[in-house]
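Read through the structure below, which is laid out as structure tokens, and then see the notes.
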Amino acid sequence: MFGNMGNMAGMMKKVQKLQGDMAKLQEELKSRTIEVSTGGGAVKVVVTGEKRIQSVKISPSAVDPEDVEMLEDLVAAAVNEAMTKVDDMMAQEMGKLTGGLNLPPGMF
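Now the structure itself:
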């Protein structure tokens with residue numbers, strides 16, 4: 027009967043360590059950046075691990091007053107791709123930490 031209590035205490039220590047490691051990793055990932063370009067480099071977006079846009083660069087050749095919609099589409103595509111890459115980076119790094127455990131969202 028007490029053997030199970032020892033296993034439970036050991037499991038709780040592992041969970042607490044994992045929580046600490048995950049918090050540390052999340053803080054580290056916030057400082058990383060992802061750069062994406064669209065339109066052959068016409069639009070470049072840099073996004074942080076916190077999903078904050080750090081910069082947007084637009085090539086003068088992409089600015090056509092007669093086709094503003096194309097530029098809007100390029101910016102939207104770059105931002106959306108960057109956000110997806112941030113999610114992928116987070117999932118990949120967290121997966122390394124959890125050993126591929128499929129933990130429910132918000133567990134940590």
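As numbered in my numbering, residues 27 to 134 make up the sequence shown, in order. Ideal placement from N, C-alpha and C gives every residue a C-beta, glycine not left out. These figures come from a predicted structure and were not determined experimentally.
Burial state of residue i (16 or more Cβ within 10 Å)
i    : result
V62  : buried
I60  : buried
T110 : exposed
V89  : exposed
V82  : exposed
A35  : exposed
V71  : buried
V41  : exposed
V94  : exposed
A117 : exposed
As assigned by DSSP and simplified to three states, the class of residue i
i   : result
K43 : helix
Next item on the list: Give, in chain order, every unbroken run of the beta strand (DSSP E) that is at least 3 residues long and sits entirely within the region 54 to 131.
Entry: Within the region 54 to 131, the complete beta strand (DSSP E) runs of at least 3 residues are 59 to 64, 69 to 74 and 79 to 84.
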